[in-house]
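Notes for the one structure printed next.
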Amino acid sequence: MKLPFIPAGLMLLACQILAVPIDIDPEIEASKRIDELHKQYQHNIFKTISNRTTGCTSKNIQRRKEWSTLSKEDKHAFITAIHCLNTLPARTPLTTAPGARFLYDDFIVTHIHQTPAVHASGLFLPFHRHLVHLFQNTLRTHCAYHAPLPYWDWTKTYADPRNADVFDGSEYSLGGNGVYVPGRNPTRISLPGGLSKDIPPATGGGCVTSGPFAEGRFEVRLGPVGYEPRGPEGGLGYNPRCLTRDLSPEFGYGTRPSAVTELVDGCEDVECFSVGMDAPRGVPGGIHGSGHWQVGLNALDVYASPSDPVFWLHHAHVDRVWALWQGQNLEERTYQVWGTLTAANDPPSEEATLDTPMDFEVLGEPRTIKDTSSTIDGEYCYVYE
Ligand SMILES: [Cu+2]
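Numbered by mature numbering (1 follows the signal peptide of the UniProt record, and there is no 0), the letters in the sequence shown go through residues -19 to -1, 1 to 366 in order.
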């Protein structure tokens, strides 16, 4: 007999009422539930494309993989390709961003410019889906990266991000934690929509010193924009420095498995999903924010956060959770739109529609929300493994 799915919270309550000894970890239950949701998502995607002979088919679909499941060769290729982006010339004119030197910087400049429109707004999910796609395309066309785009499943490492493979500091990681700096004050980050938040110091705080993005092997040039001391020219000036991190178990908790199941099981419309993912009570944060805050420092900067390469793996996973939610009911959930065109609707702006265009500046042609809604019907053709 197949038992119906019972939310972990309800199960816990039932055990308490019945005085049953509790040995259920709700996060283990939620994690199993994510596996079920993932199977259903994949089933629905492959059912939809199974009879196709052109366009996105089960033969040509790209499979995006979790970082820890990539082969050493693929990890190495991804890391090498990111370094490669930091050797090719920027397309952004120096008059637009005097600090933009290399191709990698184009992504940061675009993200800085677009931040007030594409966070805690109706553009959040669509904009970042296409940004990640453009990044993958650039790795392929300019730096010969042909392996799957990796994602970082932070539900697996929520208890302590220091245990994540992606941060193990080896040559097959995106580098380790920042070096521990004692006695630091909280970092006050400014969020789009005129809000701010104090992020307490965690387990690191200084330069990354191990792995392929350690000090001396990788340079950040743009920002900070979202906290003090701000970089020159509004963060668009040349400000070469190391990559910093401050891995935080406290914020890891924000990306626990039950946070994801609450959204995917609990949200019938994309308003509920987007708000929980990115802006609970209108304030930028949610699961998406917790992913940034548990990495720390460079990743805390809402504007210039793509300066930490883990940005791409984090946003691929935000996109996976959106795809997981859409994939439970592709017909009803793929083309839903909600929200306005400004962060926390400040200043007040129009409602987004499927035809709302998004600007990707030097990275590529504008796209509408509709262009980005489906992972298998428009220009995209990918599935998460
Ligand atoms: Cu962003």
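Cβ coordinates follow ideal geometry from the N, Cα and C atoms, glycine included.
Quick caveat: nothing in here was measured; it's all calculated off a predicted structure.
Cα-Cα separation between residue i and residue j, rounded to whole angstroms
| i | j | result |
| --- | --- | --- |
| T76 | D87 | 13 Å |
| D246 | F254 | 10 Å |
| P131 | H269 | 17 Å |
| E346 | R82 | 22 Å |
| P142 | T34 | 42 Å |
| F292 | H273 | 8 Å |
| K53 | Y153 | 7 Å |
| N220 | A333 | 35 Å |
| L155 | N166 | 26 Å |
| E342 | I89 | 11 Å |
| K20 | Y365 | 10 Å |
| V206 | T38 | 42 Å |
| G359 | D352 | 6 Å |
| N144 | P213 | 35 Å |
| P70 | T119 | 13 Å |
| K46 | A128 | 9 Å |
| Q275 | S229 | 4 Å |
Sub-7 Å separation of residue i and residue j beta-carbons
| i | j | result |
| --- | --- | --- |
| R198 | G277 | no |
| P238 | I5 | no |
| G157 | G164 | no |
| T91 | L344 | yes |
| S354 | Y316 | yes |
| T323 | D336 | no |
| L172 | P74 | no |
| V147 | C188 | no |
| I170 | L311 | no |
| G80 | L203 | yes |
| C362 | I63 | no |
For residue i: DSSP bridge partner residues
| i | result |
| --- | --- |
| F83 | P70 |
| T168 | I180 |
| F199 | E196 |
| G345 | DSSP lists no partner for G345. |
| Y132 | E47 |
| C362 | Bridge partners of C362: none, in fact. |
| C253 | DSSP output for C253 lists no bridge partner at all. |
| R222 | V201 |
| residue 380 | Absent from the model: residue 380. The displayed extent of the chain is -19 to 366, so no value can be given. |
Practice prompt. Entirely within the segment 258 to 324 and at least 4 residues each: give me those alpha helix (DSSP H) ranges in chain order.
Written response: 267 to 274, 291 to 308, 311 to 314
Worksheet item: For the segment 7 to 45, which segments carrying the beta strand (DSSP E) assignment without a break, of at least 3 residues, lie completely within its bounds, in sequence order?
Response: none
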